[in-house]
Amino acid sequence: MALLNRSGISRSRVLELSLGLLVLFVITVAMPAQADRAVPEGYRLQAGDIVAVSVWQEPGLEQLVLVRPDGGISFPLAGDLKASGLTVEELNQALKKRLKKYISDPVVTVTLQEIPGNRIYVMGRVNKPGDFPLVTRDVTVVQALAMAGGLTPFADEKHIKVLRTENGRQRSILFNYKDIRRGQALEQNIMLQAGDVIVVP
1 MALLNRSGIS RSRVLELSLG LLVLFVITVA MPAQADRAVP EGYRLQAGDI
51 VAVSVWQEPG LEQLVLVRPD GGISFPLAGD LKASGLTVEE LNQALKKRLK
101 KYISDPVVTV TLQEIPGNRI YVMGRVNKPG DFPLVTRDVT VVQALAMAGG
151 LTPFADEKHI KVLRTENGRQ RSILFNYKDI RRGQALEQNI MLQAGDVIVV
201 P
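Once you know that position 2 of the sequence shown is 2 in the UniProt record's numbering, the rest is easy, because the numbers rise by one and skip nothing.
If you want it as structure tokens, here you go:
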């Protein structure tokens, strides 16, 4: 005979309910939040980003798609099309237009899953070196340094470099933070691009 507690519920039933609540909690915590929840409106896709594309009532047309280094993507029936520089909604419309040739009034859903290719890197004598998501297209060198916690006391603020890869070749752009602090040579405070590396000696 099962032992009852004061409320009349057996210990085995209490244990069963407790385990059920524990499993529910674990599942809730483990479920990933929507990847595009923190992405600002108007975000434009870049090479390296990953989007999830699905077409309603078309099980074969549901997959994760990588934005290639050339900025394009490939999707069944739609073929190759440009994605880099487009918003998620613009890519949705482009896919829908392509798929209309094969599916009557397709219902297309595109969600941004990851933005690993859209990051900048700050290293050297800053307080918080690391990589940072470039979620907008208007991040300057000064703003990136602020994201990295600012310069350390022994940083060489006159010889900071921005390393940028263009057409397969890397070039170095000099940045003098001392001039910026004085309000001089403000043209140095350039807009950063995905993949840029700021080196603070």
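From the three backbone atoms N, C-alpha and C, an ideal C-beta is built for every residue, glycine too. Just so it is clear, the structure is predicted and the values come from calculations on it, not from any experiment.
Kindly indicate which three-state DSSP category residue 36 falls into: helix, strand or coil? The predicted position of residue 36 is uncertain, since its pLDDT is 38 and thus under 50; a value taken from the coordinates is nonetheless stated next. Of the three classes helix, strand and coil, the one that applies to residue 36 here is coil, per DSSP.
Classify residue 180 as helix, strand or coil using the three-state DSSP reduction. helix
Got a sec? Which residues, its chain only, sit under 6 Å from residue 36 by beta carbon, not counting five neighbours each side? Residue confidence for residue 36 is low, a pLDDT of 38 falling below 50, so the modelled location carries little weight; the figure read from the coordinates is stated next. Excluding residues within five positions, the ones whose Cβ falls inside 6 Å are 111, 112.
Using 9 Å as the threshold, is the C-beta distance between residue 138 and residue 119 below it? no
Just to confirm, is the Cβ distance from residue 64 to residue 72 under 9 Å? no
Bridge-paired residues (DSSP) for residue 142: BP columns for residue 142 are empty, so no partner.
Consult DSSP for residue 128 and reduce its assignment to one of helix, strand or coil. Residue 128 falls in the coil class under three-state DSSP.
Give the DSSP-derived three-state secondary structure of residue 97 in the structure shown. helix
Contacting residues, own chain, Cβ-Cβ under 7 Å from residue 42 (five flanking each side not counted): 87
Spatial neighbours of residue 191 in its chain, beta-carbon cut-off 8 Å, leaving aside the 5 residues before and after: 137, 138, 139, 140
For the beta strand (DSSP E) that contains residue 79, what are its first and last residues? 79-82
Identify which residue in 124, 102, 166, 56 has its Cα closest to the Cα of residue 153. 124
Is residue 106 buried or exposed, if buried means 16 or more other CB atoms sit within 10 Å of its CB? buried
Going by beta carbon distance, what residues of the same chain come within less than 6 Å of residue 68, once the five residues before and after it are set aside? none
Measure the alpha-carbon distance for residue 96 versus residue 133 and round it to whole angstroms. Residue 96 and residue 133 have their C-alpha atoms some 29 Å from each other.
Below 8 Å on the Cβ atoms is my contact criterion, and I expect residue 122 with residue 145 to pass it. Report the Cβ-Cβ distance as a whole number of Å. 7 Å
Should residue 169 be flagged as near chain B, meaning a C-beta pair shorter than 9 Å? As a matter of chain content, chain B is missing from the structure shown, which is built from one protein chain.
Local conformation of residue 88 per DSSP, three classes: helix
Using CA atoms only, rank isn't needed, just tell me which of 57, 50, 128, 166 is closest to residue 91. It is 50 whose Cα lies nearest to the Cα of residue 91.
Give the straight-line distance between the Cα atoms of residue 57 and residue 195, rounded to the nearest whole angstrom. Cα to Cα, the separation comes out at about 38 Å.
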